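The structure appears below as structure tokens.
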Amino acid sequence: MYFPGLRQALKTIFRIGYTISLICILCHVGAAHGQDGETNASSRSQEHYKLGLRHAQRGDYESAEREYKQAIELDANNIYPHDGLGFIYALQNRLGEAEKEFFKVLQIDPSYAPAHYKLGKLFFIRQEYDEAFDSYQKAIAANPKYFPAHHGLGIIYMQTQERAKAAEHFKAVIDLNPNYGPSRYRLGTIYLEEGAYSQAIEELRQAAKLVANEPSIHFVLGNAYMAIGKLAEAAEAFHKTLQLEPNWAEVHDKLGLVYTDQSLALLGAVMADQDKLTAAVEEHRRAVELAPENGWFQHNLGMAYERQRQYDKAAEQFVKALAVNPDMAYTRYRLGMIYSRDKKYQEAIEQYQHAIRLEPDRSVFHYALGSAYAKIGSEEEAIGKFKKAIELDYYTAEAHFGLANAYLKQGKREEGAKEMEIFKKLREGNIADMEQRVVLVPDNPKYHGELAAHYTQQGRYIKAINEYKLAIGLDPHNLEYRRLLKDAYIKAGRYREAEEQQEIIQSLDAKRQQTPTP
Numbered sequence: 177m178y179f180p181g182l183r184q185a186l187k188t189i190f191r192i193g194y195t196i197s198l199i200c201i202l203c204h205v206g207a208a209h210g211q212d213g214e215t216n217a218s219s220r221s222q223e224h225y226k227l228g229l230r231h232a233q234r235g236d237y238e239s240a241e242r243e244y245k246q247a248i249e250l251d252a253n254n255i256y257p258h259d260g261l262g263f264i265y266a267l268q269n270r271l272g273e274a275e276k277e278f279f280k281v282l283q284i285d286p287s288y289a290p291a292h293y294k295l296g297k298l299f300f301i302r303q304e305y306d307e308a309f310d311s312y313q314k315a316i317a318a319n320p321k322y323f324p325a326h327h328g329l330g331i332i333y334m335q336t337q338e339r340a341k342a343a344e345h346f347k348a349v350i351d352l353n354p355n356y357g358p359s360r361y362r363l364g365t366i367y368l369e370e371g372a373y374s375q376a377i378e379e380l381r382q383a384a385k386l387v388a389n390e391p392s393i394h395f396v397l398g399n400a401y402m403a404i405g406k407l408a409e410a411a412e413a414f415h416k417t418l419q420l421e422p423n424w425a426e427v428h429d430k431l432g433l434v435y436t437d438q439s440l441a442l443l444g445a446v447m448a449d450q451d452k453l454t455a456a457v458e459e460h461r462r463a464v465e466l467a468p469e470n471g472w473f474q475h476n477l478g479m480a481y482e483r484q485r486q487y488d489k490a491a492e493q494f495v496k497a498l499a500v501n502p503d504m505a506y507t508r509y510r511l512g513m514i515y516s517r518d519k520k521y522q523e524a525i526e527q528y529q530h531a532i533r534l535e536p537d538r539s540v541f542h543y544a545l546g547s548a549y550a551k552i553g554s555e556e557e558a559i560g561k562f563k564k565a566i567e568l569d570y571y572t573a574e575a576h577f578g579l580a581n582a583y584l585k586q587g588k589r590e591e592g593a594k595e596m597e598i599f600k601k602l603r604e605g606n607i608a609d610m611e612q613r614v615v616l617v618p619d620n621p622k623y624h625g626e627l628a629a630h631y632t633q634q635g636r637y638i639k640a641i642n643e644y645k646l647a648i649g650l651d652p653h654n655l656e657y658r659r660l661l662k663d664a665y666i667k668a669g670r671y672r673e674a675e676e677q678q679e680i681i682q683s684l685d686a687k688r689q690q691t692p693t694p
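Offset between the sequence shown (1-based) and the numbering used here: plus 176.
Next comes the structure, spelled out in structure tokens:
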């Protein structure tokens, strides 16, 4: 299962990988023809074939087609002009004609691996996956070292979610041809989906060097760095992506999130880096300009404005996001928070109520609604909502604080004191000491996890996210850290990343269940 944020990248890289595969085969076939052609065909046929090959390499397919056909007229049993003709037909999307030429090659020489492989590519494009699978296997049977066929099988296994088998074939490609970037890219995406971040980054870095001008590789590499909190490296990878593909909306959105994380990574929420927040706003604005129909891009721009304390702009942006997708519960919650800040309590209550209808199990929504009720003097409704928030998440410290104050306003001193004591205990813990401990012992995942938990209790969700990422980077198979990271993403309103994390959790969980216990 692919991350939602990577699906478009995977589609793009398949297109690029197909072209690269064909170019590699063209070079491979051209070299082979130089060695064997003159022994297998008349010299005149071979001369026309070589002319066709040169035209094809320059992209002059019309001239290449003319020369290949003349070569075939002179020697119908020369497989190479048939193969070349099929190749240029495929490049021009003349797939039916290409298929006929590759079949002619195999009628003459059934053991010619490249023709089996190219037929497999045609079948794959037509979504005839069983036929593609058979053709790739025939190519490998004819020549076990023919690496493009291993890559093709790996792609099919990825389609069927058999990642272990896919990885085997991509590794086989790398063993045969270490400089084949598409297989390193695919292997890197498998490692990323399985949470093996260091291996993913290594393969993706190699792929980026080998296929430097493919933006999708840099984008996925940025996601891998982002997953373990390497924000500077993530930003660099996203910048490289945008140099190659300036109008990719999702990359602008991701870069905006990285800048937001960087703005709080060192200074904390109170002393956020305003330059980074400004950069975040610009990236999110660009994402919205490129894809105004995407509600989450609209939402993230609103969040960026809110962090800059530009509340009017934030509210305006949240309204636009809800016009695109009215069912975005967290967006309604943030809009309600701004209304509450402006003392528009009735409007805030309406947004909170709508958010709760959409996601009734979110503790913070109930707490916010309770706070709004408290502001208009509806103490009983406030108490009910604070209690519901605590029922859903006992560690929502603010709900205990709100409940304590509501009880005290009703003269219930004992109940108020009890809730206030709980609030104080939840707030206990010297954050400064914990932060210092992480600095002194940065390679202990437990310390990062504990610090993240305290940040979460204080509502400092971005700080918590960064610490959980560091913990996961040190202990990538710890499912508890991943679950807590997913929860922190949800609390921060970053649902897309929460979904990505859930997919990794499910993948790791399934893998554990398949592993036999000793």
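In this text, a Cβ means the ideal position worked out from N, Cα and C, and glycines have one as well. This one's a predicted model, so the numbers in the text were calculated from it and none came from an experiment.
Practice item. Return the first residue and the last residue of the alpha helix (DSSP H) that S547 is part of. Key: The count along the sequence shown starts at 1 and reaches residue 547 at position 371. Note, S547: alpha helix (DSSP H), S539 to K551.
Exercise for review: With distances taken Cα to Cα, identify the nearest neighbour of P286 among N353, S221 and N253.
Suggested key: Here residue 286 refers to the residue found at position 110 when the sequence shown is read from its first residue. It is N253 whose Cα lies nearest to the Cα of P286.
Point to revise | Residue from Y528, L433 and V464 with nearest C-alpha to L453 | key: Start at 1 with the first residue of the sequence shown, and residue 453 comes out as number 277. Nearest option by C-alpha distance: L433.
Review point. What do you get for E249, buried or exposed, if any count of 16 or more other CB atoms within 10 angstroms of its CB means buried?
Key: What you label residue 249 is simply residue 73 of the sequence shown in a count that begins at 1. By the neighbour-count rule (16 or more Cβ atoms within 10 Å), E249 is not buried but exposed.
Exercise for review: Counting only runs of 4+ residues fully inside the segment 390-427, write out the alpha helix (DSSP H) ranges in chain order.
Suggested key: 391-403 and 407-420
Check your understanding: What do you reckon, are the CB atoms on A376 and G364 nearer than 7 Å?
Key -> Residue 376 sits at position 200 when you count from the first residue of the sequence shown. Residue 364 sits at position 188 when you count from the first residue of the sequence shown. Yes. Within cutoff.
Check your understanding: When you compare only the Cα positions, how much space is there between N319 and A289?
Key -> The residue labelled residue 319 in the question sits at position 143 within the sequence shown. The residue labelled residue 289 in the question sits at position 113 within the sequence shown. Looking at the two C-alpha atoms, the distance is approximately 6 Å.
Practice item. Compare the C-alpha of S539 against each of G357, D569 and F278 and name the closest. Key: For the purposes of this step, residue 539 is taken as residue 363 along the sequence shown, with counting starting at 1. Comparing Cα-Cα distances from S539 to each of G357, D569 and F278, the minimum goes to D569.
Check your understanding: Measuring CB to CB, does A491 end up less than 7 Å from T507?
Key -> In the sequence shown, counting from the first residue as 1, residue 491 sits at position 315. In the sequence shown, counting from the first residue as 1, residue 507 sits at position 331. Taking 7 Å as the Cβ cut-off, A491 and T507 do not qualify as a contacting pair.
Practice item. Consult DSSP for Q493 and reduce its assignment to one of helix, strand or coil. Key: The residue given as residue 493 occupies position 317 in the sequence shown. Here Q493 sits in helix by DSSP.
Practice item. With a threshold of 16 other CB atoms inside 10 Å of the CB of P324, please say whether the residue is buried or exposed. Key: The residue labelled residue 324 in the question sits at position 148 within the sequence shown. Result: buried.
**Study point:** Three CB pairs or more closer than 8 Å across the segment 651-658 and the segment 673-686
**Key:** yes
**Study point:** Rounded C-alpha distance that separates F299 from Q268
**Key:** Here residue 299 refers to the residue found at position 123 when the sequence shown is read from its first residue. Here residue 268 refers to the residue found at position 92 when the sequence shown is read from its first residue. About 16 Å.
Review point. Contact check, A668 vs I638 under 8 Å by CB: the rounded distance?
Key: Position 492 of the sequence shown, counted from the start, is the residue given in the question as residue 668. Position 462 of the sequence shown, counted from the start, is the residue given in the question as residue 638. Confirmed, about 6 Å.
Practice item. Please report the residue range of the alpha helix (DSSP H) in which H576 lies. Key: To locate residue 576, count along the sequence shown from 1; it is residue 400. A573 to K585 is the extent of the alpha helix (DSSP H) around H576.
Check your understanding: If you run the structure through DSSP and keep just helix, strand and coil, what is K520?
Key -> In the sequence shown, the residue the question calls residue 520 occupies position 344. Here K520 sits in coil by DSSP.
Check your understanding: Between A247 and Y225, is the Cβ-Cβ spacing less than 7 Å?
Key -> For this step, residue 247 is matched to residue 71 along the sequence shown. For this step, residue 225 is matched to residue 49 along the sequence shown. Closer than 7 Å, so yes.
Point to revise | K622: CB within 6 Å of a non-hydrogen atom of the ligand ZN | key: Summarising the ligand content, the structure contains no ligands, and the ligand ZN is consequently not present.
Review point. Quick one: is G235 buried, meaning 16 or more other Cβ sit within 10 Å of its Cβ, or exposed?
Key: As a first step, residue 235 must be located in the sequence shown, where it is residue number 59. Per the 10 Å Cβ criterion, exposed.
**Study point:** Simplified DSSP state of S359, which is helix, strand or coil
**Key:** Counting from 1 along the sequence shown, the entry for residue 359 is found at position 183. Helix, per DSSP.
Point to revise | Range covered by the alpha helix (DSSP H) that runs through D504 | key: In the sequence shown, counting from the first residue as 1, residue 504 sits at position 328. For the record, residue 504 in the displayed sequence is Met; it is not Asp. First-last for M504: undefined, no H or E at that position.
**Study point:** Distance, Q677 Cα to E546 Cα
**Key:** Looking up residue 546 in the sequence shown gives position 370. Looking up residue 677 in the sequence shown gives position 501. In the sequence as presented, Glu is not what sits at residue 546; that position holds Gly. Cα to Cα, the separation comes out at about 30 Å.
Exercise for review: Tell whether a beta-carbon distance below 7 Å holds between L431 and E459.
Suggested key: Position 255 of the sequence shown holds residue 431. Position 283 of the sequence shown holds residue 459. Going by C-beta atoms, L431 is nearer than 7 Å to E459.
Review point. Around the Cβ of A456, are there at least 16 other Cβ atoms within 10 angstroms (buried) or fewer (exposed)?
Key: Taking the first residue of the sequence shown as 1, we reach residue 456 at position 280. When all chains shown are included, A456 counts as buried.
Point to revise | Proximity below 7 Å, CB of P621 to CB of L661 | key: Numbered from 1 along the sequence shown, position 445 holds the residue referred to as residue 621. Numbered from 1 along the sequence shown, position 485 holds the residue referred to as residue 661. No.
Review point. D685: buried (16+ other C-beta within 10 angstroms of its C-beta) or exposed?
Key: In the sequence shown, the residue the question calls residue 685 occupies position 509. Counting Cβ neighbours within 10 Å, D685 comes out exposed, since fewer than 16 surround it.
Exercise for review: Only counting runs of 4 or more residues, tell me where the alpha helix (DSSP H) segments fall wholly within the segment 583-637, in order along the chain.
Suggested key: 589-602, 607-616 and 621-633
Practice item. Please determine, among E465, L386 and E338, the residue with the shortest C-alpha to C-alpha distance to R360. Key: If you number the sequence shown from 1, residue 360 lands on position 184. When only C-alpha atoms are compared, the closest one is L386.
Check your understanding: Any idea what DSSP makes of C200, helix, strand or coil?
Key -> On the sequence shown, position 24 is the one that residue 200 refers to. Unreliable placement is indicated for C200, whose pLDDT of 43 sits below 50; no coordinate value is reported for it.
**Study point:** Length-filtered (4 minimum) alpha helix (DSSP H) runs lying within the segment 295-378
**Key:** 305-318, 323-335, 339-352 and 357-369
Check your understanding: What are the boundary residues of the alpha helix (DSSP H) that V464 is part of?
Key -> Within the sequence shown, residue 464 is the residue found at index 288, counting from 1. Note, V464: alpha helix (DSSP H), Q450 to L466.
Point to revise | G172 to S219 span [Cα, whole Å] | key: Residue coverage of the chain in this structure runs from 177 to 694, which leaves residue 172 outside it and unanswerable.
Point to revise | Check whether I607 and H630 have beta carbons under 7 Å apart | key: By 1-based counting over the sequence shown, the position of residue 607 is 431. By 1-based counting over the sequence shown, the position of residue 630 is 454. In this structure, H630 lies closer than 7 Å to I607 by Cβ.
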